[in-house]
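Encoded as structure tokens, the structure appears first; notes follow it.
Residue numbers (UniProt numbering), protein chains in the order written: chain A, 1 to 360; chain B, 1 to 219; chain C, 1 to 287.
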């Protein structure tokens with residue numbers, strides 16, 4: 001009856017319904033694919049029907065017209081069959097049922113193979129150069145002005161008898177900018193311990209605060225000055241962005257630090273901090289991978305570590321060969337990526353070249 | 001030993017994190033989810049207690065020793081206690097255990113947020129306008145060829161984005177779009193590419209224990 | 001003090017004071033400055049304008065109070081545009097603290113139109129012409145879920161109505177029925193719309209953002225992932241201009257009123273840069 005009605009109204013069902021276990025997933029999902037109904041332009045969309053016994057179908061989903069793929073949430077281990085219906089108002093044109101299908105979880109995500117290959121190549125290169133460095137090969141690293149200035153900056157603070165302010169930014173502990181900043185903090189703390197200069201480290205994140213405190217303490221111990229460590233030098237200030245900025249501005253205007261480090265992840269508060277610091281006459285060393293904030297730091301600070309210079313900082317300061325090796329590996333990875341990009345661009349340009357299309 | 005345990009922990013945790021990317025099977029993902037969500041949340045809760053403790057300790061100490069500007073510390077303590085009480089008893093939106101509504105006014109976190117946090121945050125944000133002016137005045141000097149180029153580009157963009165730009169030349173706004181769309185984007189892509197690789201290398205160094213300054217440095 | 005030294009070391013407070021006067025005066029005595037729309041804004045306008053009758057728009061009002069001054073005029077301009085051209089529009093916010101700002105914008109524009117409407121047909125009717133879906137956390141849920149079914153994600157709207165009973169939702173089922181989504185935000189939300197809704201469901205995304213985040217977003221506009229882009233107060237003013245010029249919508253144009261203030265502020269900053277450089281130049285000559 002329905003078939004006759006559909007034929008009369010000219011509503012053709014979708015065809016070739018194919019149901020298969022969603023690949024590379026954690027199970028619980030089946031993909032249903034079909035060929036669009038010839039009347040696709042006139043219909044509202046498609047309804048997906050599912051059955052566990054092949055007889056009784058229930059509606060499990062709806063998707064708009066011109067789409068030929070849907071995912072259904074299922075229970076692993078149960079055999080399902082699917083039908084797809086083209087829908088127009090109250091009319092339904094059902095397809096033939098699909099083959100039986102069972103969903104299951106995959107152990108390996110094959111779709112990400114390209115990422116594994118890239119991971120192995122880049123990881124391998126970095127490890128190779130680290131291994132090289134371990135064997136005592138001398139590696140060159142170009143000068144990074146901002147990091148060379150650290151010694152002077154600490155020295156200046158000592159001479160002036162003023163503190164050093166180290167701002168870690170708003171980042172969470174899992175952000176690489178924060179980790180890189182903590183690395184630099186470790187080195188700066190060693191220097192302040194040696195020169196007996198006061199260090200102030202206000203924090204915006206509780207976890208980062210606990211880590212920063214440990215780092216400063218360890219650094220003081222490592223250079224043999226555990227007595228000089230002041231537990232209140234590292235403290236939690238505020239999580240709210242502008243409250244954090246206001247608090248630091250207060251510290252800057254009251255304590256007038258000789259040097260401000262602004263290293264880590266920053267957002268709109270970057271210039272509020274940097275400009276106040278500049279107004280108090282401090283030397284400022286900034287570093288961030290937040291692109292939008294770089295112009296502000298470059299304008300208002302004396303030195304700025306841009307993007308990966310920040311990540312390289314720890315290697316640069318400590319000059320440990322293993323860390324330098326990693327940077328060398330990174331550089332070669334960049335060479336590979338740049339080459340691939342250039343080749344791809346050339347191929348892209350050539351294939352669109354008008355002369356070539358003459359031969360098609 | 002004190003160094004070795006954290007290094008082993010980070011190696012194992014890092015490796016497990018990488019594996020979760022490879023294995024979509026639920027028997028592994030359940031564990032990964034637990035580590036990412038539950039464990040991290042528990043750790044954060046402890047850290048919050050430590051952090052607030054640190055904040056209070058610093059300010060109590062300031063008051064006790066009458067250090068410079070110790071009066072401000074009272075302000076902080078009162079605001080801290082006040083908002084804690086309002087949050088605990090007044091609730092987020094007047095849904096707390098105490099009746100804190102007086103006519104149309106209710107004492108709750110939403111009220112504090114709307115009437116204190118928002119105006120204060122907006123004022124701080126508005127300061128940017130002034131700071132941009134003073135920073136630009138101080139820093140934009142034609143010291144070198146590059147600086148001259150930068151300044152020229154900056155002037156063109158600044159005039160071009162203004163309504164004034166169009167009346168100077170019809171083509172100026174289009175040229176500004178080109179600057180933003182081509183040289184600006186090209187430079188940004190370069191930096192982003194470097195950052196992405198730097199993230200890979202830094203993560204690898206931390207997982208392998210080569211980078212250990214976060215442990216307080218040392219060999 | 002030598003003249004060049006004086007030019008190079010103008011007191012910060014003088015700069016601040018002059019800037020304050022220059023920014024505030026045009027705001028106290030507002031007048032609309034004519035702006036010429038640039039391509040990114042025109043593209044957005046055209047995409048909204050070309051919405052066919054059987055499709056709707058989504059307006060994502062995810063802007064925080066700090067950036068209200070920059071982004072709210074965009075919301076109002078897009079709403080005026082949609083209402084004037086009788087496009088169906090769905091409004092939502094991805095964060096709870098932004099709901100208040102979204103309702104403010106909707107109420108203002110609806111009031112503008114209904115105060116001059118003469119017939120029932122002319123009026124804007126909730127549920128027929130527009131709907132406020134409200135907020136459904138976390139953001140990724142509506143971003144992905146609306147690709148399958150909008151009324152499954154927002155079962156009830158902000159006012160508690162069953163969405164599938166609303167007239168507007170009868171023909172608007174999922175992203176297939178959406179011509180473009182306009183995301184207004186100061187954060188990376190528009191990029192998430194691309195990552196989830198566009199990559200998976202082919203949804204077109206237009207963006208309105210603050211001037212500061214504009215530089216970041218040009219990358220996505222250049223690749224075509226963002227159909228159009230309104231950047232900062234100037235972008236909002238351009239959209240206001242397009243709406244008034246093409247559809248004759250009258251109403252207060254907050255962003256356009258601020259253009260004079262913005263122009264003066266830019267000119268003053270440039271003037272100070274020039275003064276500083278004259279000082280620097282004289283100083284170098286002296287050496």
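Ideal Cβ placement from N, Cα and C applies to all residues, glycine included.
Query                                                                                                                  : Result
Simplified DSSP assignment, three categories, for residue 123(B)                                                       : helix
Candidates 166(C), 188(C), 202(C), 199(C): closest to residue 94(C) by CA position                                     : 188(C)
Under 9 Å (Cβ pairs) to chain C, residues found in the stretch 181-192 of chain B                                      : 181, 182, 184, 185, 188, 189, 192
Interface flag, residue 105(B) vs chain C, CB-CB below 8 Å                                                             : no
Residue 211(B) at chain A interface by Cβ criterion, 8 Å                                                               : yes
Residue 62(A) (DSSP reduced to helix, strand or coil)                                                                  : strand
Cβ separation of residue 124(C) and residue 113(C), assumed to be a contact under 8 Å, to the nearest whole Å          : 5 Å
Residue 123(A), DSSP secondary structure in three states                                                               : helix
8 Å Cβ cutoff, residue 118(B) in contact with chain C                                                                  : yes
Euclidean distance between Cα positions of residue 182(B) and residue 195(A)                                           : 48 Å
Partners in chain B for residue 36(C), counting only beta-carbon separations shorter than 9 Å                          : 163, 165, 166, 167, 170, 173
Coarse secondary structure for residue 240(C), derived from DSSP in three states                                       : helix
Enclosing alpha helix (DSSP H) for residue 171(C) [first to last residue]                                              : It is not in any alpha helix (DSSP H) - residue 171(C) carries neither H nor E in the DSSP assignment.
Residue 69(B): contacting residues in chain A (beta-carbon distance under 7 Å)                                         : 254
Cutoff 8 Å: residue 134(B) Cβ touching any chain C Cβ                                                                  : yes
Residue environment, residue 99(A), which counts as buried when at least 16 other CB atoms sit within 10 Å             : exposed
Nearest candidate by alpha-carbon position, reference residue 88(C), set 61(C), 57(C), 81(C)                           : 57(C)
Straight-line gap, residue 211(B) to residue 124(B) (C-alpha atoms, nearest Å)                                         : 37 Å
Environment of residue 105(B) [buried if 16+ CB atoms lie within 10 Å]                                                 : exposed
Sufficient close CB pairs (3 or more, under 8 Å) joining the stretch 149-164 of chain B to the stretch 3-15 of chain C : no
Cβ-Cβ separation, residue 206(A) to residue 236(A) (assumed contact under 8 Å), whole Å                                : 6 Å
Three or more C-beta pairs below 8 Å linking the stretch 239-258 of chain C and the stretch 317-329 of chain A         : no
Neighbourhood of residue 209(B) by C-beta, 8 Å cutoff - its chain only, sequence neighbours within 5 removed           : 7, 10, 11
Boundaries of the alpha helix (DSSP H) in which residue 8(C) is found, first to last residue                           : 3-8
CB contact check: residue 277(C) to chain B, cutoff 8 Å                                                                : yes
Identity of the residues DSSP links to residue 60(C) by a beta bridge                                                  : 92(C), 183(C)
Alpha-carbon spacing of residue 219(A) relative to residue 164(A), whole angstroms                                     : 15 Å
Residue(s) in a DSSP beta bridge with residue 47(A)                                                                    : 62(A), 85(A)
Meets three-Cβ-pair contact criterion under 8 Å: the stretch 66-77 of chain C and the stretch 129-136 of chain B       : no
Touch test, the stretch 40-53 of chain B against the stretch 136-150 of chain A, Cβ-Cβ under 8 Å, three pairs minimum  : no
Helix, strand or coil at residue 52(C) [DSSP, three-state]                                                             : coil
Spatial distance of residue 137(B) from residue 183(A) (CA atoms)                                                      : 34 Å
Expected contact under 8 Å - CB spacing of residue 11(A) and residue 39(A) to nearest Å                                : 6 Å
CB contact check: residue 215(C) to chain A, cutoff 8 Å                                                                : yes
Exposure of residue 89(A), with buried meaning 16 or more beta-carbon neighbours within 10 Å                           : exposed
Chain A within 8 Å of residue 12(C), Cβ atoms only                                                                     : yes
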